[in-house]
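Residues in the sequence shown are numbered from 1 upward in steps of one, following my numbering.
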Amino acid sequence: QYLIGKDPFQIEHHWQYMYRSMYFRGSVIMSAMSAIDIALWDILGKKAGLPVCSLLGKAHDCIYPYASAGYYAPGKTIEDLRKEAAGYKAQGFRMMKMKVGGAQPGEDMERVAAVREVLGTDVKLAVDANNSWDYETALKMARFFETQDVYFLEEPLSSDFWEESAKLAAEVDIQIAGYETELTLHGLKPFIVHNGVDIVQTDVIWTGGISEARRIAMLAEAWGKMTVMHFSASMVSLAANLQLALSMNSSKYIEYTLDENPLRDRLSKAPVLMKDGVVKVPDLPGIGVDLDWDVVKEFQVQ
1 QYLIGKDPFQ IEHHWQYMYR SMYFRGSVIM SAMSAIDIAL WDILGKKAGL PVCSLLGKAH
61 DCIYPYASAG YYAPGKTIED LRKEAAGYKA QGFRMMKMKV GGAQPGEDME RVAAVREVLG
121 TDVKLAVDAN NSWDYETALK MARFFETQDV YFLEEPLSSD FWEESAKLAA EVDIQIAGYE
181 TELTLHGLKP FIVHNGVDIV QTDVIWTGGI SEARRIAMLA EAWGKMTVMH FSASMVSLAA
241 NLQLALSMNS SKYIEYTLDE NPLRDRLSKA PVLMKDGVVK VPDLPGIGVD LDWDVVKEFQ
301 VQ
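And the structure:
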């Protein structure tokens with residue numbers, strides 16, 4: 001009710017009002033705020049006739065997507081994983097991230113070594129444990145990943161304990177990345193300022209929109225850290241995350257999931273596509289999404 005009739009260009013005012021008026025700021029509230037904030041930036045861009053990245057001050061013409069895949073599946077063999085990795089390399093991806101932490105350490109070591117062999121020295125390899133390990137396991141696995149020239153280890157530990165993440169980051173040479181499940185600047189601040197991560201990851205659809213994700217990215221840049229935008233949802237999410245990434249000097253890569261997802265592939269008439277190892281937004285104002293309303297209706301929940 002607060003937003004009805006308000007000036008859509010007062011983005012920061014509305015963000016602060018919504019945030020400060022909420023007693024509980026869990027994931028549902030922050031996701032709702034994210035949707036509103038992204039819509040307001042889209043309105044401003046369309047009114048100005050400019051992409052959001054230009055409104056924010058464009059830093060790059062393109063961002064490198066990394067293939068976020070390599071998941072577990074019933075009956076999936078090491079050979080299947082090898083073929084999958086070879087396919088991403090053939091498509092021109094400069095980096096692949098694969099899942100770890102859902103199997104015994106020995107099995108994950110075998111899986112990572114197999115993918116590393118397929119990718120060779122031309123394609124970077126990252127791994128994502130999704131907060132699954134205790135400190136001792138994370139240290140053991142990080143030591144192994146160092147031998148496999150893994151570019152970064154994402155979310156090896158629970159985000160409840162930034163101190164352990166800082167201890168791990170100081171102990172190993174591999175870069176520690178995370179933690180997009182921390183929903184705000186306040187949640188990620190200790191990871192950044194106490195060096196709990198080397199690479200900062202956040203997502204505009206979880207953390208309060210473009211406005212809050214930009215604050216996180218700016219703090220990361222002030223501490224000399226790279227920002228990598230998380231993505232695993234619809235084309236609106238991909239486009240909005242990419243607009244922010246294009247405006248941040250500290251951003252170089254963006255996550256690019258490849259699972260079956262019609263809301264990513266069909267939702268916009270002008271989709272964001274990976275070509276020749278880079279990803280660009282369509283040259284449209286706002287976040288660059290032109291919704292296909294027939295697809296919206298197809299997946300609409302009453």
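Ideal Cβ positions, reconstructed from N, Cα and C, are used throughout, including at glycine. Given the structure is predicted, the values throughout are model-derived calculations rather than measurements.
Would Leu157 and Glu164 be called neighbours here (beta carbons separated by less than 9 Å)? Yes. Within cutoff.
Pull up the CB-CB distance for Ala220 and Ser247, whole angstroms please, since I reckon it's below 8 Å. Their Cβ separation, rounded to whole angstroms, is 13 Å, which puts Ala220 and Ser247 out of contact at 8 Å.
Of the choices Val279, Asp283, Leu267, Gly286, whose alpha-carbon is the least far from that of Gln300? Of the residues Val279, Asp283, Leu267, Gly286, the one whose Cα lies closest to the Cα of Gln300 is Leu267.
Residue interval of the alpha helix (DSSP H) (run including Ser34): Start and end: 27-48.
Ala69 lies in the beta strand (DSSP E); which residues open and close that run? For Ala69, the enclosing beta strand (DSSP E) starts and ends at 64-69.
Can you find at least 3 beta carbon pairs, one from the region 7-16 and one from the region 254-270, that sit closer than 8 Å? Segments in contact, no.
Where Ala32 and Tyr253 are concerned, what is the direct C-alpha to C-alpha distance, given to the nearest angstrom? Between Ala32 and Tyr253, the alpha-carbon positions lie close to 26 Å from each other.
With which residues is Tyr256 paired in a DSSP beta bridge? Tyr256 pairs with Ala67.
Leaving out five residues on either side along the sequence, give the residues of the same chain with a beta carbon under 7 Å from the beta carbon of Ala114. By the criterion of a C-beta distance shorter than 7 Å, Ala114 is surrounded in its chain by Ile78, Leu81, Arg82, once the five residues flanking it on both sides are discounted.
Under 9 Å, do Tyr88 and Ala103 count as touching if we go by C-beta distance? Cβ atoms of Tyr88 and Ala103: not closer than 9 Å.
Where Gly288 and Asp294 are concerned, what is the direct C-alpha to C-alpha distance, given to the nearest angstrom? Here the C-alpha atom of Gly288 lies approximately 18 Å from the C-alpha atom of Asp294.
For Asp198, which residues from the same chain have a beta carbon less than 8 Å from its beta carbon, with the 5 sequence-adjacent residues on both sides left out? Contacts found: Phe152, Ala169, Gln175, Ile176, Ala177, Lys225, Met226.
Member of Met274, Gln243, Lys99 whose CA lies at the smallest distance from the CA of Ser351: Residue 351 cannot be examined here, being either before or after the span of the chain that is shown, 1 to 302.
By Cβ distance below 8 Å, which residues in the same chain neighbour Ile205 in space, the five residues on each side in sequence not counted? Non-local beta-carbon contacts of Ile205 in its own chain, meaning distances under 8 Å to residues more than five positions away in sequence, involve Ser31, Ser34, Ala35, Ile38, Ala233, Val236, Ser237, Ala240, Asn241 in chain order.
Among Leu183, Ala217, Ala142, which one has its Cα closest to the Cα of Phe24? Of all alpha-carbon atoms in Leu183, Ala217, Ala142, the one lying nearest the alpha-carbon of Phe24 is that of Leu183.
Residue range of the beta strand (DSSP E) that Lys99 falls in? 95-99 is the span of the beta strand (DSSP E), which, as asked, contains Lys99.
Report the start-end ranges of each alpha helix (DSSP H) in the region 127-158 that is 4 residues or longer and not cut off at the edges. Every unbroken stretch of the alpha helix (DSSP H) spanning 4 or more residues and falling wholly within the region 127-158 is given here in chain order: 135-147.
If we call anything under 9 Å between Cβ atoms a contact, is Asp149 one with Leu185? No, these two residues do not count as a Cβ contact at 9 Å.
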